[in-house]
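First up is the structure itself, then whatever we jot down about it.
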Amino acid sequence: MTRPARDEDVPAMRDIERAAGKAFADIGMALVAEDEPLPARTLLKYVRAGRAWVYTVDDRPVAYLIAEVVDGNAHLEQVSVHPDHARRGIGRALLDRMIEWARTRRLPAVTLTTYTEVPWNGPYYERLGFRYLAGSETTPGLRAIRETEAAHGLDSWPRACMLREL
2 MTRPARDEDV PAMRDIERAA GKAFADIGMA LVAEDEPLPA RTLLKYVRAG
52 RAWVYTVDDR PVAYLIAEVV DGNAHLEQVS VHPDHARRGI GRALLDRMIE
102 WARTRRLPAV TLTTYTEVPW NGPYYERLGF RYLAGSETTP GLRAIRETEA
152 AHGLDSWPRA CMLREL
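Quick note, the sequence shown lines up with residues 2 to 167 if you use my numbering.
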């Protein structure tokens with residue numbers, strides 16, 4: 002079940018991201034696997050702004066999603082599913098919740114940045130109706146996000162911006 006995240010969910014959200022990140026080590030992306038989750042204070046800002054959701058099993062978070070608004074579109078900042086609960090449609094349920102949130106705000110699209118060659122990243126989002134943006138379509142906010150990602154070494158593997166119109 003999806004629900005808005007609460008302050009007390011933040012430690013679990015950080016644990017979920019750490020656990021989910023381990024899958025990247027299995028495909029040679031140790032830098033990503035070892036990347037520390039967002040600080041608790043940052044996650045709390047998303048929670049308190051109403052831009053964070055969790056998926057729960059027995060009221061215990063097993064996945065989460067946080068969102069921004071970037072250049073007038075909803076932006077999927079992070080989604081992580083604990084590996085014990087992966088491949089069950091939980092990430093999609095969270096994305097659907099975010100899309101509902103975006104539609105109520107009359108935002109025209111959802112954007113994200115992702116790895117193009119990781120099966121549970123770019124190819125997964127393509128199956129969910131996202132398309133890769135051409136360089137000329139990349140908005141200033143998305144360019145800034147990509148620059149920050151590159152500064153953190155995340156461009157060691159192919160990354161791109163994607164969009165799904167609502």
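Positions of the beta carbon are idealized from the N, C-alpha and C atoms, including for glycine.
Helix, strand or coil at residue i according to DSSP, with G and I counted as helix
{"i": "PRO5", "result": "strand"}
{"i": "ARG132", "result": "strand"}
{"i": "ALA172", "result": "Residue coverage of the chain in this structure runs from 2 to 167, which leaves residue 172 outside it and unanswerable."}
C-alpha distance - residue i paired with residue j, whole-angstrom precision
{"i": "TYR10", "j": "PRO62", "result": "This sequence places Asp at residue 10; Tyr is not what is there. In a straight line, the C-alpha of ASP10 is about 7 angstroms away from that of PRO62."}
{"i": "THR112", "j": "TYR47", "result": "17 angstroms"}
{"i": "ALA21", "j": "ARG107", "result": "31 angstroms"}
{"i": "PRO40", "j": "PRO12", "result": "10 angstroms"}
{"i": "ARG52", "j": "THR105", "result": "13 angstroms"}
{"i": "THR3", "j": "THR43", "result": "21 angstroms"}
{"i": "TYR116", "j": "GLU101", "result": "25 angstroms"}
{"i": "GLY142", "j": "VAL82", "result": "26 angstroms"}
{"i": "PRO38", "j": "MET14", "result": "9 angstroms"}
{"i": "ARG160", "j": "VAL71", "result": "18 angstroms"}
{"i": "ARG147", "j": "SER137", "result": "14 angstroms"}
{"i": "PRO124", "j": "THR114", "result": "12 angstroms"}
{"i": "ALA110", "j": "THR139", "result": "13 angstroms"}
Residue nearest to residue i in terms of C-alpha spacing, selected from the options
{"i": "PHE25", "options": "PRO109, ARG15, TRP121 and MET14", "result": "TRP121"}
{"i": "PRO84", "options": "ALA34, GLY142 and GLU148", "result": "ALA34"}
{"i": "ALA152", "options": "ARG15, ILE28, ILE17 and LEU32", "result": "LEU32"}
{"i": "THR57", "options": "GLY154, ASP36 and ILE17", "result": "ILE17"}
{"i": "GLY128", "options": "ARG93, ASP8 and LYS23", "result": "The identity of residue 128 in the sequence shown is Arg, whereas the question assumes Gly. The residue with the shortest Cα to Cα distance from ARG128 is ARG93."}
Beta-carbon proximity check, residue i vs residue j, cutoff 8 angstroms
{"i": "MET99", "j": "LEU66", "result": "yes"}
{"i": "LEU95", "j": "ALA64", "result": "yes"}
{"i": "ALA6", "j": "VAL55", "result": "yes"}
{"i": "GLY130", "j": "ARG165", "result": "yes"}
{"i": "ALA103", "j": "LEU167", "result": "yes"}
Boundaries of the beta strand (DSSP E) in which residue i is found, first to last residue
{"i": "GLU166", "result": "160 to 166"}
{"i": "LEU77", "result": "74 to 82"}
{"i": "THR43", "result": "Taken as a continuous stretch (DSSP letters only), THR43 belongs to no beta strand (DSSP E), being part of the alpha helix (DSSP H) at 41 to 49."}
{"i": "THR168", "result": "Nothing in the structure corresponds to residue 168, since the chain is present only between 2 and 167."}
{"i": "VAL11", "result": "From DSSP, VAL11 is part of no beta strand (DSSP E) but of the alpha helix (DSSP H) over 11 to 26."}
Start and end residues, alpha helix (DSSP H) containing residue i
{"i": "TRP101", "result": "For the sequence presented, residue 101 should be read as Glu rather than Trp. That run of the alpha helix (DSSP H) goes 91 to 105."}
{"i": "ARG61", "result": "Not the alpha helix (DSSP H): ARG61 falls in the beta strand (DSSP E), residues 61 to 71."}
{"i": "ALA110", "result": "It is not in any alpha helix (DSSP H) - ALA110 instead sits in the beta strand (DSSP E) that spans 110 to 116."}
Residue i CB to nearest heavy atom of the ligand ZN below 7 angstroms
{"i": "ARG15", "result": "This structure simply doesn't include the ligand ZN, nor any ligand for that matter."}
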